[in-house]
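Visitor: Here the protein sequences line up with chains A and B, keeping their order. All residue numbers for the first sequence refer to this note's numbering, where the first residue is 1 and numbers rise by one. All residue numbers for the second sequence refer to this note's numbering, where the first residue is 1 and numbers rise by one. Ideal placement from N, C-alpha and C gives every residue a C-beta, glycine not left out.
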Amino acid sequence: MRRMHLRAALSGAALLTIGTSTLALAQLGSYNPAPGPQGTFAITNAHIFPVSGPEIMNGTIVISGGKIQAVGANAAIPAGAQVIDAKGLNVYPGMMDGGTSIGLSEIPQGAASTVDISEIGSFNPNSQAYYGINPHSAHVGVARVVGITSVISRPTGGIISGQAALINLAGWTVPSMAVVPRVAMVIELPGGGGGRRGGGGGGAAAFLAAQGGNANVLRARQLDSLKQILHDADAYAKALDAYASDKTIPRPKHDAVLESLIPAIRGQQEVMFPADRAVDIRAAVAFAEEFHLKPIIVGGREAVSVAAYLKQHDVPVLYTGVLQLPGREDDPYDINYSAPAKLAAAGVKFAITSGDCCSEVRNLPSIAGMASAFGLSKADALKAVTLGPAQIFGVADKLGSLEVGKMANIVVTDGDMLEARTNTKYLFIDGRMVPLDTKHTQLYDLFKGKTLVP
Amino acid sequence: MTHSNMRRLSLALSAAFVLAPVLHAQAAKAAGPAPILIRNATVMTVTKGTLQNTDVLLSGGKITNVGKNIAAPAGATIIDGTGKFVMPGIIDPHSHMGLDAINEGSLSVTSMARIRDVINPTNEHIYYALAGGVTTINALHGSANTIGGQNAVLKLKWGRSGAEMLVPDAPPGIKFALGENVTQKNRNAGPQQAGAPPRRYPGTRMGQEEVIRDALMRAKDYKATWDEYKSKSVKDKTLIPPRRDLELEPLVEVLEGKRLVHAHSYLGHEMLMLLQLADEFGFRVQTLQHGLEGYKIADEIAKRGTGLSTFADEWSYKIEAYDAIPYNVAILMRHGVNVTINSDDDGRARRLNIDAAKMIRYGGLTDDEALSVITINGAKQLGIEKHVGSIEVGKDADVGIWNANPLSVYSSIEQTIIDGEVYFDKQKDLAMRDSMAKERAELEKAEANQAPVTRGGRQGGAPGGAAAVPPETH
């Protein structure tokens, strides 16, 4: 038994005593070997899956200066390039998981000092994953060796949880890993079911309800507060603009919280809304339209039932639930396995994510593969973990496919990248070759010998 | 739809939903299942290699023939296996599926508590697991206390009673648990706080050793008392027998090697503690459950003939899982340990084939070795390898028919057969959906399923500010 059953067995009161762990393990990690320099590489004789275009059965891909310089059946190999013969191997763009919190949490249970995922309070738009991510988290190395080269790492909890970062999974500092430091704002609408198992917004409302209070009243108050802060941010932005053009008027007093909301309310930054129930998805879309935000639904368990609505409003979904059990006992057994296929058929923009903070992110390829076993085409499954998330987060000019000029995040495998049994042979992130050692291979090497030390 | 609303609907639906397979099963039971001949499939026997273009005959609840051009017996159902894969039913050696209760965690030793008393055979998760090719589970207590209680080995005969699911001659087992779930350190750390729930002994791994030692010593004394009574009562019929002790009886069976210990454990050193303690009391620990750090003491596990059942690649969800590695299975197998992969989770139980496939990547298992960790090895750990775990003539007709290699993520199950009866059939499932949807719609309209109108509208309305959101139609 792992977690859930024990939790059910223990008294509810025990759950209230979360907090002071005596374990001081704030600096776990440092297991990830450093990537090499941004050299010039030519991967030849490869079966190339560009995602953005047709497969190349026997081609070459050239990397230099961190970027893809050439892709094609007859791409020229530059002088001095390090040549990798990929005969019998496949080449893919690195995968991207849009729904993680990698680097913000190392061990979620029993080691509170390794968990920096949720800030205190309800409104934390200025709480940035960029400043909380531990680049040496062991999860970084473990996720990347299956071919996940970049992730969205996001804070959770509260109502405005904070700002997510888009990072490459290689580097010894966050600035060297970051592709977009503040890629999205995360807003969990009050009462929303949340995008993650057992979590999400409405916690306070549920607590109040349990205490005999009126959850609807609390939820309405919370929503009013959220609207107020967005209106305040809008007013603040206008005041700043006015002052910029006319220095004779009083300078608005600096406000770090309101200032951090300006990109989102001006539509310059995506807003991730965790929402699973159809009613919460619709509420998030309606809310986003009221405030001219650019919404991304995270979770989307019931997105299929509002697919037409999502398509009509052009709202994308980061679907987290492929592996979740059906929610109702009369649901078809494959309701969640087949959801991505149904979203694709309905024309909804979507990506598949592991929906996991950290340690299960490495299942992303097989999750996409299982969606394909239940109706999603293999090409769409691959896209759902590469170009799909890159488009949703507005970084398709940099990531998600093998095209000239894009960042060289490239995976070379000995088989279909989505198969659980496939091995990664070479890994490039930002044009750097990344060693395939992880915390796990290090322990494997240490203990795999026949005889233990007596 | 509100929760209360949903619950009422669920009750109504569950009755209708469960009845059909029960009737089906009863009819089949009266006549015995018709023979099934699967023709021209790729047959993954696990113990005797993978056979191309091969037929498998299931009759009388057993596998009665495996070979080429098998003649169809009268009345046999013929399944065209062209392009399909047949593998043994998956065995999940660690499950809490379909149980109404899992932990009797109020005391440190609850060996008297029995899983067989809390089986809910109508739990829909059983059906979902069948749709993932699982046919047998080891239903265990949780890990809330040091000695949790008596297990039940079940075949997932969904629609039958709990008693009919029990594998009749599976040796009895018992759940032990070590580590931080027992000490409750992962939720209740530090000294006792005022107002906090009382801490339960044991609070450390030292105390866990003592609790088990104490229980086994008491069991030893109890056994001695009975042995003494039995020998003396041969001559003296007036002797009063000792009072039966339901806590100690199963532990006596442990000491006698008649009840298999399945011990939840994570860290190498805590596992070694139990192995040493078992040495001292003269029994073998049957399996270490989870055993995520088993690879650190692989020789110690191997030399005692203890098995280990672990996760494929779960790690870092708590402190004692931080050194878990997906190479655990490979290291243990190379050391000669009988190792399996389990789900411990009703969701994960549906994709144990994918977990097995990961072992090809992490440590280089062969296809047969990968399949063995979810089939024959589990049968051995549960002491039922004569009946299940591989496709061999004479074994129970427990097989899964897959539309592709089950080690591929692109595969899915078409039919799951237990004792020669089809318990999951994808085509029938698909065919039922329209009528299910219709029935659901009718039930939703029924007066009993309408939410009571309360002040301010119906219960559980949309989140504030979303009053304009139209209701969903499902």
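(1) Could you say which of A:Leu226, A:Gly299, A:Val279, A:Tyr243 lies nearest to A:Ile265 if we only look at CA atoms?
(2) Is B:Glu414 close to chain A? Criterion is C-beta to C-beta, closer than 8 Å.
(3) Contact check, A:Val51 vs A:Pro93 under 8 Å by CB: the rounded distance?
(4) To which residues of the same chain is A:Ser127 closer than 6 Å at the C-beta, ignoring the five residues directly before and after it?
(5) Among the residues of its own chain, which have a CB less than 8 Å from the CB of B:Asp429, if the five just before and after it don't count?
(6) Using only the alpha-carbon positions, how far apart do A:Asp234 and A:Lys383 sit?
(7) Please name the residues in the region 316 to 349 of chain A whose beta-carbon is closer than 9 Å to at least one beta-carbon of chain B, in chain order.
(8) Terminal residues of the continuous alpha helix (DSSP H) containing B:His335?
(9) Note down, in chain order, every chain B residue with its Cβ under 7 Å from the Cβ of A:Ile107.
(10) Could you tell me the boundaries of the alpha helix (DSSP H) in which A:Gly369 lies?
(11) If you check the beta carbons only, do A:Ala138 and A:Tyr31 fall under 8 Å apart?
(12) Please name the residue or residues paired with A:Asp97 in a DSSP beta bridge.
(13) Should B:Tyr327 be flagged as near chain A, meaning a C-beta pair shorter than 8 Å?
(14) Determine, using beta carbons only, whether A:Ala165 and A:Val91 come nearer to each other than 8 Å.
(15) Checking contacts by CB at 8 Å: is A:Phe123 closer than that to chain B?
(16) Would you kindly report the start and end of the unbroken alpha helix (DSSP H) that includes B:Asp55?
(17) Pick from B:Ala152, B:Glu300, B:Glu270, B:Glu314: whose alpha carbon is nearest that of B:Asn342?
(18) Compare the C-beta of B:Ser408 against all C-beta atoms of chain A and say whether one is closer than 8 Å.
(19) Tell me the DSSP bridge mates of B:Ile297?
(20) Would B:Ile376 and B:Thr47 be called neighbours here (beta carbons separated by less than 8 Å)?
(21) Around the Cβ of B:Gln184, are there at least 16 other Cβ atoms within 10 angstroms (buried) or fewer (exposed)?
(22) So which residues on chain B does A:Gly496 lean against when the C-beta distance must stay under 8 Å?
(23) Go through its chain and collect everything with a Cβ distance to A:Pro435's Cβ below 6 Å, but skip five positions before and after it.
(24) For A:Ala237, which of helix, strand or coil comes out of DSSP?
(25) In chain A, what lies closer than 7 Å to B:Lys237 by C-beta?
(26) Could you tell me how far apart the beta carbons of A:Leu387 and A:Ala396 are, in whole angstroms, since I believe they sit closer than 8 Å?
(27) Of all the beta strand (DSSP E) runs that stay within the bounds of the region 82 to 141 of chain B, which reach a length of 3 or more residues?
(28) Would you say A:Arg421 faces chain B, with C-beta separation under 8 Å as the test?
(29) According to DSSP, simplified to helix, strand and coil, what is A:Arg196?
(30) Do the CB positions of B:Gly75 and B:Gly32 come within less than 8 Å of each other?
(31) Rounding to the nearest angstrom, what Cα-Cα distance links A:Ile249 and A:Ala256 in this structure?
(32) Using 8 Å for Cβ pairs, my map puts B:Pro406 next to B:Gly142. What's the rounded Cβ distance?
(33) Enumerate in chain order the residues of its own chain whose CB-to-CB distance from B:Asp323 is below 7 Å, with the five nearest sequence positions on each side excluded.
(34) Just by C-beta distance, which residues in the region 360 to 383 of chain B are closer than 7 Å to chain A?
(35) When you compare each of B:Lys258, B:Val339, B:Asp346 to B:Val373 by their alpha carbons, which one comes out closest?
(36) What does a CB cutoff of less than 8 Å around B:Gly364 pick up in its chain, not counting 5 residues either side in sequence?
Guide: In this structure, then:
(1) Here residue 265 of chain A refers to the residue found at position 265 of the first sequence. The option with the nearest alpha carbon to A:Ile265 is A:Leu226.
(2) Locating residue 414 of chain B in the second sequence gives position 414, where the first residue counts as 1. Chain A contact via Cβ: absent.
(3) For the purposes of this step, residue 51 of chain A is identified with residue 51 of the first sequence, where counting begins at 1. For the purposes of this step, residue 93 of chain A is identified with residue 93 of the first sequence, where counting begins at 1. Between A:Pro93 and A:Val51 the Cβ distance is about 6 Å, and since that is below 8 Å, they are a contact.
(4) Here residue 127 of chain A refers to the residue found at position 127 of the first sequence. So the list reads Glu119, Pro155, Gly162, once near-sequence residues are dropped.
(5) As a first step, residue 429 of chain B must be located in the second sequence, where it is residue number 429. Counting only Cβ-Cβ distances below 8 Å, and skipping sequence neighbours, we find Ala131.
(6) The residue you call residue 234 of chain A lines up with position 234 of the first sequence. The residue you call residue 383 of chain A lines up with position 383 of the first sequence. Taking the straight line joining both Cα atoms gives about 36 Å.
(7) Leu323, Gln324, Leu325, Pro326, Arg328, Glu329, Asp330, Asp331, Pro332, Tyr333, Asp334, Tyr337
(8) As a first step, residue 335 of chain B must be located in the second sequence, where it is residue number 335. That residue, B:His335, is in no alpha helix (DSSP H); it is neither H nor E in DSSP.
(9) Counting from one through the first sequence, the residue named residue 107 of chain A turns up at place 107. Those are Ser316, Lys318, Ile319, Tyr322, listed as they occur along chain B.
(10) Within the first sequence, numbered from 1, the residue matching residue 369 of chain A stands at position 369. Run containing A:Gly369: 364 to 373, per the alpha helix (DSSP H) assignment.
(11) By one-based count along the first sequence, residue 138 of chain A stands at place 138. By one-based count along the first sequence, residue 31 of chain A stands at place 31. Yes, they are a contact pair.
(12) Your numbering for residue 97 of chain A matches position 97 in the first sequence. Answer by DSSP bridge pairing, in chain order: A:Val151.
(13) Position 327 of the second sequence holds residue 327 of chain B. Yes - at least one Cβ of chain A is within 8 Å of the one on B:Tyr327.
(14) Indexing the first sequence from 1 puts residue 165 of chain A at position 165. Indexing the first sequence from 1 puts residue 91 of chain A at position 91. Not a contact, by the Cβ cut-off of 8 Å.
(15) The count along the first sequence starts at 1 and reaches residue 123 of chain A at position 123. Chain B, which has no Cβ nearer than 8 Å to the Cβ of A:Phe123, makes this no.
(16) In the second sequence, counting from the first residue as 1, residue 55 of chain B sits at position 55. That residue, B:Asp55, is in no alpha helix (DSSP H); its beta strand (DSSP E) goes 50 to 59.
(17) The sequence position of residue 342 of chain B within the second sequence is 342, counting from 1. Nearest of B:Ala152, B:Glu300, B:Glu270, B:Glu314 to B:Asn342, Cα basis: B:Glu314.
(18) Within the second sequence, numbered from 1, the residue matching residue 408 of chain B stands at position 408. At least one chain A Cβ lies under 8 Å of B:Ser408.
(19) Translated into the one-based positions of the second sequence, residue 297 of chain B becomes position 297. None; B:Ile297 has no bridge partner.
(20) Looking up residue 376 of chain B in the second sequence gives position 376. Looking up residue 47 of chain B in the second sequence gives position 47. Yes, the Cβ-Cβ distance between B:Ile376 and B:Thr47 is below 8 Å.
(21) One-based indexing of the second sequence puts residue 184 of chain B at position 184. Buried, since its Cβ has 16 or more Cβ neighbours within 10 Å.
(22) As shown, chain A starts at 1 and ends at 454. That puts residue 496 of chain A outside it, with no answer to give.
(23) Indexing the first sequence from 1 puts residue 435 of chain A at position 435. Here the set comprises Pro33.
(24) Your numbering for residue 237 of chain A matches position 237 in the first sequence. Three-state DSSP puts A:Ala237 in a helix.
(25) Taking the second sequence and counting its residues from 1, the one referred to as residue 237 of chain B is at position 237. Here the premise fails: no neighbours, minimum Cβ distance about 46 Å.
(26) Mapped onto the first sequence, residue 387 of chain A falls at position 387. Mapped onto the first sequence, residue 396 of chain A falls at position 396. Sure, about 6 Å apart at Cβ, within 8 Å.
(27) 85 to 88, 90 to 95, 134 to 139
(28) For the purposes of this step, residue 421 of chain A is taken as residue 421 along the first sequence, with counting starting at 1. With 8 Å as the cut-off, A:Arg421 counts as an interface residue toward chain B.
(29) Numbered from its first residue, the first sequence carries residue 196 of chain A at position 196. Below a pLDDT of 50, predicted positions are generally treated as unreliable, and A:Arg196, at 36, falls in that range; the measurement from the model is reported next regardless. It is coil, neither helix nor strand.
(30) As a first step, residue 75 of chain B is located in the second sequence; it is residue number 75 there, counting from the start. As a first step, residue 32 of chain B is located in the second sequence; it is residue number 32 there, counting from the start. In this structure, B:Gly32 does not lie closer than 8 Å to B:Gly75 by Cβ.
(31) As a first step, residue 249 of chain A is located in the first sequence; it is residue number 249 there, counting from the start. As a first step, residue 256 of chain A is located in the first sequence; it is residue number 256 there, counting from the start. Cα-Cα distance, rounded: 21 Å.
(32) On the second sequence, position 406 is the one that residue 406 of chain B refers to. On the second sequence, position 142 is the one that residue 142 of chain B refers to. Contact doesn't hold; Cβ gap of about 29 Å is too wide.
(33) On the second sequence, position 323 is the one that residue 323 of chain B refers to. Same-chain partners within the cutoff: Glu293.
(34) Ile360, Arg361
(35) The residue labelled residue 373 of chain B in the question sits at position 373 within the second sequence. Per the Cα distances, B:Val339.
(36) Within the second sequence, the letter at position 364 stands for residue 364 of chain B. Answer for B:Gly364: Ala330, listed in chain order.
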